[in-house]
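Residue numbers (the numbering used here), protein chains in the order written: chain A, 1 to 296; chain B, 297 to 592; chain C, 593 to 888.
No residue lacks a Cβ here, since even glycine has one placed at the ideal position from N, Cα and C.
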Amino acid sequence: MAAKSILHMLSTLKHMSPFDVNMAIDAGFDVAIPYTNVTLDEVTALVQDAMFSRAPSAALRTGIFFAGRDAVLALDMLDAAEKALLKPFEISLFADPYGSFTTAGAMVAFVEKVLREKKGRELKGAKIVVYGATGVVGYSSAVIAALEGAEVTIVGYSGLDRVTVQAEEIEKRFGVKVTPADGSKSEQVRALLVEHEIALCAARAGVQVLSAEDLAAAKSLLIAADVNAVPPLGVEGVKLHDKGVELPSGALGIGALAIGDIKYGTEAGLFKQMTTSDKPLRLDFRHAFALARSLL
Amino acid sequence: MAAKSILHMLSTLKHMSPFDVNMAIDAGFDVAIPYTNVTLDEVTALVQDAMFSRAPSAALRTGIFFAGRDAVLALDMLDAAEKALLKPFEISLFADPYGSFTTAGAMVAFVEKVLREKKGRELKGAKIVVYGATGVVGYSSAVIAALEGAEVTIVGYSGLDRVTVQAEEIEKRFGVKVTPADGSKSEQVRALLVEHEIALCAARAGVQVLSAEDLAAAKSLLIAADVNAVPPLGVEGVKLHDKGVELPSGALGIGALAIGDIKYGTEAGLFKQMTTSDKPLRLDFRHAFALARSLL
Amino acid sequence: MAAKSILHMLSTLKHMSPFDVNMAIDAGFDVAIPYTNVTLDEVTALVQDAMFSRAPSAALRTGIFFAGRDAVLALDMLDAAEKALLKPFEISLFADPYGSFTTAGAMVAFVEKVLREKKGRELKGAKIVVYGATGVVGYSSAVIAALEGAEVTIVGYSGLDRVTVQAEEIEKRFGVKVTPADGSKSEQVRALLVEHEIALCAARAGVQVLSAEDLAAAKSLLIAADVNAVPPLGVEGVKLHDKGVELPSGALGIGALAIGDIKYGTEAGLFKQMTTSDKPLRLDFRHAFALARSLL
């Protein structure tokens, strides 16, 4: 009998996410075990513990998933886990805190597709502004876009401090520069929009980031994408299922559920890779982006 | 391959109940995931999280179970969960805190059967006194009986205060009146028994509620049912497996394990409904009562 | 359809051990449910809860596993669980805190095999010193050896106090005497080695217990066994996979991974017994020792 696929699901929060449990089981894991309130310093022991109890062939059918609500912490845990692995007992690792890595991958991939097909442009060199950049989706979207060669501005609603620290963290970890910007006032939000070609809206649920007036003022805006599915939506005029629909301002809108569909497929697909791969995987938002591209 | 049946088991307590885990797995759930120390305000997010990650057809094979030790809190959680559901992503919900809803359903259904078959009477209009009414089983039994049209008195061992609040809560939530009564002294316990036709004993394990003398004094008592399986049992003279056995006083006794057998079948059956239903279910003690009736 | 095998995994620690989860699933359990931060006084309720929800035939396919990091507490929990069981609803119990019971069983069984085959001796009457005796592996190894009739000395690195209490606890629980000894200074460690024939090293990972000089001084030493797989290893000159390899001093070395292989087989085998036995089991380090013997 083949070894069962076992997923150890580590969350930094009080509860494991039922969303991720369902996804993992539907993707082929036979068993999912939750570990909650996990701290970074506990990761090494948990990973080694998970690794050494199965023969190398079965170790491949063992996965560790990192949940929570903090992109940087999830990446740190992924790094700690990777360091803890010892050949040939390697197991697969996947981080997707709050579903943000797969959501970000899906959003940027969708933007790339619309940009390429309808505007004949690439992400490389595109001027991208990320609203809600201090959140988990915003963080990951900014890094993915920057790694593709876009000129990325990350906007902080609470002023410059947090996004400045974040830009430094991103440069240190990924070797790419992003520009922090103050978006605490609505005129700053609009001024930033006017200077960019693509707006990625990753604000909190139920918060409108860009109004029709903002969009009308942004003459060079090509695309506005939004991941907020709770009314009011993040970009006025962009509907949930829009896949590059032209707005009155001429920019093309991509809606939250259009992105959400790709996000589901991406998360499901990455879990599926864990249960079928013949070598150990280490999956973060970059792999989510790569898979989302192939799904579009 | 058919979607696996996944049960997210939420408890307000520190530990999930192994009893309920076993029941759920034996009823056909493939996967059971515990969530502990869950609070009411966490329910909406957990339910939506569980709901949105599967296609509507698979969502049907997704269940949420509410455990704990508080009937009112479990009902509040069930309400919060139901409000959180969005068509067509509906999932099934089942509350059975401390096994009390299925125990209460089984007890009242058993009483009804004996009452009908041996006394030619119905629950409607029957005078029922519930001892241990502030507990989870007592609460649910009182509501079930009142909804069937019985005249129900709920007895508090710690005086009138808690049962008075409880009667108000029951009227507000279910639109039925029950009468609170002070049972803090043994003569009150007996006086209440004398005035009623049916006694439902849902006191703590190992506590005798009614003595042979109490029973002898209760000339109009038709049935005494008990859910306490730990000696001393709740009603003197009623044995664990009694299914309407006549006591010296003439009343008919129903014992804890006779009720327990129906309770097992009821809880198992409700879990089974969750794994097989073609529409989403919302199950509480009323559904337990309906199923228990059909099992008797 | 046969009843599924369900394992309720109780840990006294914050997290269940992924190692044990993997082992249990690979041994045939269909479902594993973690319960964490479990205290001794919660065991009775959890065990009875697990026991009463399945028919006796299915109860046999229900197991409770005791994890954590404390041998005495695990034994107390096992005792509490055994007392809570009621015929015919018996379920199987297995304690292996920190993997220590199976590790200890494997180490002592390996020592016995080498002692018998290469030295023509038995454990009975052998003079055994246990280093790291206050740890979980050391505790269990000392008891197993003493129950086999060895003359066992348990060495405390922090002085005599803890090992003295431990010797009293062992005599009270198992009816065997072991001798406590102070090993807080390196000359004491060596002096104790010189007086014994077998050294069981169960110190912390990465701590060398015995140097080549210690071994050279120990003229009557027959065997030195070590369970520390993290360099520096516990016994200088004994390699990870050594299975009775002669050291310069003439003693035979048994290494941590040689013992580890038997430990894996032992833990897997005990879980397998739980999923296949036709009577309820209660498994501790004595059963681990018995199984490890049969695997060598």
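Neighbour-count burial assignment, residue i, 16 or more Cβ in a 10 Å radius
| i | result |
| --- | --- |
| A/Glu267 | buried |
| B/Gly295 | Past the edges of chain B, shown from 297 to 592, lies residue 295 of chain B, and the structure says nothing about it. |
| C/Leu677 | buried |
| A/Arg54 | buried |
| C/Ser812 | exposed |
| C/Gly717 | exposed |
| C/Gly861 | buried |
| C/Pro648 | exposed |
| A/Ser249 | buried |
| A/Ala109 | buried |
| C/Gly660 | buried |
| A/Glu112 | buried |
| C/Glu894 | For chain C, the structure presents residues 593 to 888; residue 894 of chain C sits outside this window and is missing. |
| C/Pro772 | buried |
| B/Val429 | As written in the sequence, residue 429 of chain B is Ala, which differs from the Val given in the question. Counting Cβ neighbours within 10 Å, B/Ala429 comes out buried, since at least 16 surround it. |
| C/Thr868 | exposed |
| C/Leu802 | buried |
| B/Glu532 | buried |
| A/Ala50 | buried |
| C/Val613 | buried |
| B/Gly359 | buried |
Beta-carbon gap between residue i and residue j smaller than 9 Å
| i | j | result |
| --- | --- | --- |
| C/Ser750 | C/Gly691 | no |
| A/Ala106 | A/Ile262 | yes |
| C/Glu693 | C/Ala666 | Note that residue 693 of chain C corresponds to Phe in the displayed sequence, not to Glu. Against a cut-off of 9 Å, the Cβ pair of C/Ala666 and C/Phe693 comes out as a contact. |
| C/Leu792 | C/Gly730 | yes |
| B/Ile519 | B/Ile494 | yes |
| A/Val31 | A/Leu10 | no |
| C/Ala843 | C/Ala810 | yes |
| C/Leu795 | C/Gly741 | For the record, residue 795 of chain C in the displayed sequence is Ala; it is not Leu. In this structure, C/Gly741 does not lie closer than 9 Å to C/Ala795 by Cβ. |
| B/His492 | B/Ile387 | no |
| C/Phe644 | C/Phe686 | no |
| B/Asp478 | B/Val451 | yes |
| A/Asp226 | A/Arg190 | no |
| C/Val770 | C/Ala738 | yes |
Extent of the continuous alpha helix (DSSP H) to which residue i belongs
| i | result |
| --- | --- |
| C/Phe877 | Phe877 to Leu887 |
| B/Ala346 | Val339 to Met347 |
| C/Val755 | Asp753 to Phe766 |
| A/Ala191 | Ser186 to Val194 |
Strand pairing of residue i, partner residues [DSSP]
| i | result |
| --- | --- |
| A/Pro34 | A/Met9 |
| B/Arg578 | B/Leu389 |
| C/Thr694 | C/Thr694 pairs with nothing; no bridge assigned. |
| B/Glu447 | B/Lys423 |
| C/Ile790 | C/Ile720 and C/Ile815 |
| C/Leu893 | This structure gives no information on residue 893 of chain C, because the portion of chain C shown stretches from 593 to 888. |
| C/Leu707 | Bridge partners of C/Leu707: none, in fact. |
| C/Leu802 | C/Val827 |
| C/Gly748 | C/Asp774 |
Residue i beta carbon near the ligand ADP (any heavy atom closer than 8 Å)
| i | result |
| --- | --- |
| C/Ala594 | Within the structure as shown, the ligand ADP is missing, as the structure has no ligands at all. |
Continuous beta strand (DSSP E) stretch holding residue i: start and end
| i | result |
| --- | --- |
| A/Thr179 | Thr179 to Asp182 |
Amino acids of chain F, ordered along the chain, whose beta-carbon sits closer than 8 Å to that of residue i
| i | result |
| --- | --- |
| A/His15 | Of the protein chains in this structure, namely A, B and C, none is chain F. |
>> Suppose only complete runs of 4+ residues qualify. What are the alpha helix (DSSP H) ranges in the stretch 600–624 of chain C, listed by chain order?
In response: Within the stretch 600–624 of chain C, complete alpha helix (DSSP H) segments of at least 4 residues are found at 610–618, given in chain order.
> Whole alpha helix (DSSP H) runs in the stretch 354–390 of chain B with 4 or more residues, listed along the chain?
Replying inline: Secondary structure in the stretch 354–390 of chain B: the alpha helix (DSSP H) runs of 4 residues or longer, each lying completely within the stretch, are 367–380 in chain order.
> In chain order, which alpha helix (DSSP H) runs of at least 4 residues are fully inside the stretch 810–863 of chain C?
Replying inline: Complete alpha helix (DSSP H) runs here, min 4: none at all.
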